[in-house]
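Be aware that the sequence shown starts at 411, since it is given in the numbering used here, and climbs by one per residue.
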Amino acid sequence: MLDRKVAPPVQPLARVTLPAADVFSLPNGARLHVLRNDAQPVVRLQVVFKAGKWYEPAPGISLLTARMLLEGTRTRTARQIADEIAFYGASLECEQGFDRGTLTLYCLTRHLPKLLPLVLDVITEPTFPEPELEQLKTRTIQNVRVERQKPSYLAAEQFSHNLFGSTYPYGTKFDENLFRTVTAAQIRTFFQQRYQLSQSEIFLCGDVANTDQTLVGDLLGTTASLSKAEPTLLPTVPKAVSAPAQDYVLLKGSLQSSLRIGKLWPPLSHPQTHELQVLVKVLGGYFGSRLMRNIREDKGLTYGIYASVNPREHASSFVIGSDVNAANTEAAIKEIHFELSRLQTERIPDDELQTVKNYMAGKFANELSTVFEQCDKYMNLIFHSLPTTYYTEFVERIQAVKANNLLALAQEYLSANSMIEVVTGPKE
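Written out as structure tokens, the structure reads:
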């Protein structure tokens, strides 16, 4: 008879292998990456360009270019594009990030041949109409104004600005006046230089038949470049701060303060990247973490607090974030410093460390449950120049982590004196 008072035994997760992708070099220079899984009759097509914030010649251009791609082409209006996508029950979006611009199509496998001409039209024939551009600028400015009434947005913005610097792409703030000055001509030039299929990475995953693969390769792999991309003068990678830096952003009338504490962090290619992930997870990477237990459960200073790493292609960062009652700001920061210090002076108990290892292994396995999630992991390998064994070794490496190793890493990377602190709140 089942005794529900006894928890079921926990079985260690065996070695996890990320499915391999088939990679094809297309005639125009692009690469097509294919991951197949026929569990469901759906596919995802992503065309990724070096067209993120890192590459823009002036603030706002990369964002506006990405969002304007769906606002009309030489043969279709924005309404016609939306109607065609809706007719097939599909989804088509173009998003801009710090490093890349990505056009993403989700659809049923049987509809892919019908939707590919639309995808090609959007990528190669956008018109960037002036009225839609002005409306987009107005909407974006209004949205940012609303967001800047939130302490969490202001704290995150100021933290990035202080960490990377005002001229570094990851640290520049949204400037409403500069954003208004972006012209359709600037967007067209950026598009012609950066949205070239010949320089793209194309990812096709899901229920992909050989005919689908051939069709994508033929349609997207033979289109010539619009123009030769001009070389981009890349920014200098920032150096870590050598002294503490505190900053306060005033937000009158706010009942809460938002905290951001962190520093530059080693890239995913660092030889101890898996061990560092365990250390961050212990500190604030899950609901039972030390920051949550101390500052939420024991002290009741917040509903939530986290510690995480934001890996980007040119610089990664570590950040602790939380929203607290304004009167509890100093107390929360004091407890954060306490937990940082404790990791540098005390070995993590074996039972706590094993709990974190089990959590990380289980979460990792869950994140590979669909072919789309598997493809996301694979894309990290490509864009962060990681070895193909990176995820294969993940479970083995975290299970092998020792408390003494984490103590040494905490002493090297988690000193509060090496971190930037930003608080947004009502303090005068």
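From the three backbone atoms N, C-alpha and C, an ideal C-beta is built for every residue, glycine too.
Give the DSSP bridge partners of Leu-455, in chain order. Leu-515, Leu-614
Classify Phe-497 as helix, strand or coil using the three-state DSSP reduction. helix
Sheet register partners of Gln-666 (DSSP bridge): Asn-735
Can you find the residues in the same chain that come closer than 8 Å, C-beta to C-beta, to Ala-565, ignoring five residues on each side of it along the sequence? Only Val-659, Ser-668, Leu-669, Arg-670, Gly-731, Val-832, Val-833, Thr-834 meet the Cβ criterion.
Which residues in the same chain have their Cβ closer than 7 Å to the Cβ of Met-789, if we skip the five residues on either side of it in sequence? Phe-613
So for Phe-728, helix, strand or coil by DSSP? strand
DSSP beta-bridge partners of Val-433: Bridge partners of Val-433: His-443.
Quick check on the burial criterion: 16 or more other C-beta atoms within 10 angstroms. Buried or exposed for Lys-662? exposed
Using alpha carbons as the reference points, say which of Ile-597, Leu-674, Gly-511, Ile-746 lies closest to Tyr-823. Leu-674
Leu-824 - DSSP class collapsed to helix/strand/coil: The answer is coil: DSSP assigns Leu-824 none of H, G, I, E or B.
Note the first and the last residue of the continuous alpha helix (DSSP H) segment covering Ala-839. Residue 839 is absent from the model: the chain starts at 411 and stops at 838.
Taking the beta carbon of His-443 as the centre, do at least 16 other beta carbons fall within 10 Å, making it buried, or is it exposed? By the neighbour-count rule (16 or more Cβ atoms within 10 Å), His-443 is buried.
Residues sharing a beta bridge with Gln-506, DSSP: Per DSSP, Gly-511.
What is the DSSP secondary structure of Asp-585, reduced to helix, strand or coil? coil
Can you tell which of Ala-431, Leu-665, Asp-413 has its C-alpha closest to the C-alpha of Gln-784? Ala-431
Mind reading off the beta-carbon distance from Gly-672 to Phe-569? Whole number of angstroms is fine, and I expect it under 8 Å. 7 Å
Checking 8 Å against the spacing of the C-beta atoms, do Leu-693 and Leu-701 come in under that value? yes
Thr-839 in three-state terms, based on DSSP: Nothing about residue 839 can be read from this structure; the chain reaches only from 411 to 838.
Sequence-distant residues of the same chain with beta carbon closer than 8 Å to Gln-754, five excluded per side: Leu-817, Ala-820, Gln-821, Leu-824, Ser-825
Going by CA-CA distance only, name the one from Ile-743, Glu-707, Gly-462, Ala-492 that's closest to Gln-656. For Gln-656, the nearest C-alpha among the options comes from Ile-743.
Drop a sphere of 10 angstroms on the beta-carbon of Gly-499, count the other beta-carbons inside from all chains shown, and report buried for 16 or more, exposed for fewer. exposed
Between Gln-552 and the rest of its own chain, which residues show a CB-CB distance below 8 Å, the 5 nearest in sequence each way excluded? none
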